[in-house]
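In this text, residue positions in the sequence shown follow our numbering: the first is 39, and each later residue adds one.
Notes for the one structure printed next.
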Amino acid sequence: MSTTEDPRPDIAARAVDVAPPLGTSELEVALVGCGKLKAKRRSPARDLYIGLPFRLAMRHATDTADDVHILSALHGLLNPFTKVDPYDFSMVQLPPDKHLAWGQRVLYTLRIAYPMQRLRVVFYAGQQYIRPIMKAVTDEDCYWTFVDPLMGLDLFQRIRWFKDNAPGPF
């Protein structure tokens, strides 16, 4: 995926170009958790989050996945090229009774973006983002596999994992 400019910011429009038809190979879609540290001005989502963990995850996802989206507590599923204003909101602030609806919204957006596609969804996010999504999985998502390569790793171990698993020179 290009990290320069996306001529079509709509998630569904972009996905149609990269998604294989059902019955063929899986499309790898990376979901990168947003970060607390943000730029001070409106920016494309991929540039808004400026913390090291996010930047490492985004670089790895962009280098290894077929498509990448960002998980935001406020916005749900973000296209990396969508311009977003800085905000201060996290999953901790989302009332627990809203977590399932948030996860359902993320999955709904993925279903619209990748209709009838086999997906390998790879999480580069914390459990506070992954749990609501996994609880919202339904039979509609039976052609998808979900992978969390960072499961059980603390922040420093995650940073080391990204450095050790960088597809190119770090």
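Glycine included, C-beta positions come from ideal geometry on N, C-alpha and C.
None of the values given here were measured: they were computed from a predicted structure.
query: Taking the continuous alpha helix (DSSP H) assigned at Y162, which residues delimit it?; result: No alpha helix (DSSP H) holds Y162; the beta strand (DSSP E) holding it covers 157-162.
query: In the DSSP assignment, find the unbroken alpha helix (DSSP H) run with D85 in it and report its ends.; result: 83-86
query: In angstroms, rounded to a whole number, what distance separates the CA positions of K136 and R143?; result: 11 Å
query: What is the DSSP secondary structure of L115, reduced to helix, strand or coil?; result: strand
query: Regarding D123 and the ligand PLP, is the C-beta to nearest heavy atom distance less than 6 Å?; result: You won't find the ligand PLP in this model; it holds no ligand whatsoever.
query: Between the Cα of G114 and those of F184, K201, L138, spot the shortest distance and give me the residue it belongs to.; result: L138
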